[in-house]
């Protein structure tokens, strides 16, 4: 397939190709006896995630997941449906670690969000094979509503990456990727 573009387009395409194999979707379990009732549709997607380890640990964001009742959810990776074996939620950050019984999964490379610069391009991909390119609007944003918000312990995280523009809800849990193909954040 011929690819025409500027150097930046090639960088975006290269970064996407490094992360795409690690993407997963998290869906409600389908019930029903017919083959059509077992089809997972894009509108069924609850949240996205990516593989952190080759032995089945997935990372996502908790906004749309009830971590106390994950028995009604499945992870879909590469067209295969996996029940969820274990869930560990970090209540401070909202990050959720999900374990599935899988092996030899491709693993996302983690980068350092502190290395992001204002205006730098990032890429966000979801399990629906959609991608959005954004510029970093703020690389150390902290929401402050009172003076006490400036006091953080080592167990609190107060900074976020702010991307230019809005992302649709079907990007929740998706990785934010630098042009090196490294995951530097999670859409929350």
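Residue numbers (the working numbering): 14 to 201. Don't be surprised by glycine CBs; every beta carbon is placed ideally from N, CA and C.
Residues near residue i in its chain [Cβ-Cβ closer than 8 angstroms; skip 5 each side]
| i | result |
| --- | --- |
| residue 114 | 69, 95, 96, 98 |
| residue 107 | 74, 75, 76, 201 |
Reduced DSSP category for residue i - H, G, I as helix; E, B as strand; rest coil
| i | result |
| --- | --- |
| residue 55 | helix |
| residue 61 | strand |
| residue 115 | coil |
| residue 72 | strand |
| residue 66 | coil |
Nearest-angstrom Cβ-Cβ length linking residue i and residue j, presumed shorter than 8 angstroms
| i | j | result |
| --- | --- | --- |
| residue 210 | residue 22 | The structure shown does not extend to residue 210, since the chain is modelled only from 14 through 201, so no value can be given for it. |
| residue 125 | residue 190 | Between residue 190 and residue 125 the Cβ distance is about 13 angstroms, and since that is not below 8 angstroms, they are no contact. |
| residue 120 | residue 67 | 6 angstroms |
| residue 62 | residue 89 | About 10 angstroms; that fails the 8 angstroms criterion. |
| residue 29 | residue 181 | Going by Cβ atoms, the distance from residue 29 to residue 181 rounds to 17 angstroms, so no, they are not a contact pair. |
| residue 146 | residue 133 | About 11 angstroms separates the two Cβ atoms, so there is no contact after all. |
| residue 64 | residue 37 | 7 angstroms |
Spatial neighbours of residue i in its chain, beta-carbon cut-off 6 angstroms, leaving aside the 5 residues before and after
| i | result |
| --- | --- |
| residue 24 | 192 |
| residue 112 | 69, 70, 98, 99 |
| residue 101 | 110 |
| residue 51 | 43 |
| residue 184 | 137, 139, 200 |
Distance between residue j and residue i (C-alpha atoms, nearest Å)
| i | j | result |
| --- | --- | --- |
| residue 47 | residue 53 | 13 angstroms |
| residue 179 | residue 59 | 18 angstroms |
| residue 20 | residue 135 | 15 angstroms |
DSSP bridge partner residues for residue i (one or two, in chain order)
| i | result |
| --- | --- |
| residue 198 | 189 |
| residue 102 | 109 |
| residue 180 | Its beta-bridge partners do not exist; DSSP assigns none. |
| residue 148 | 134 |
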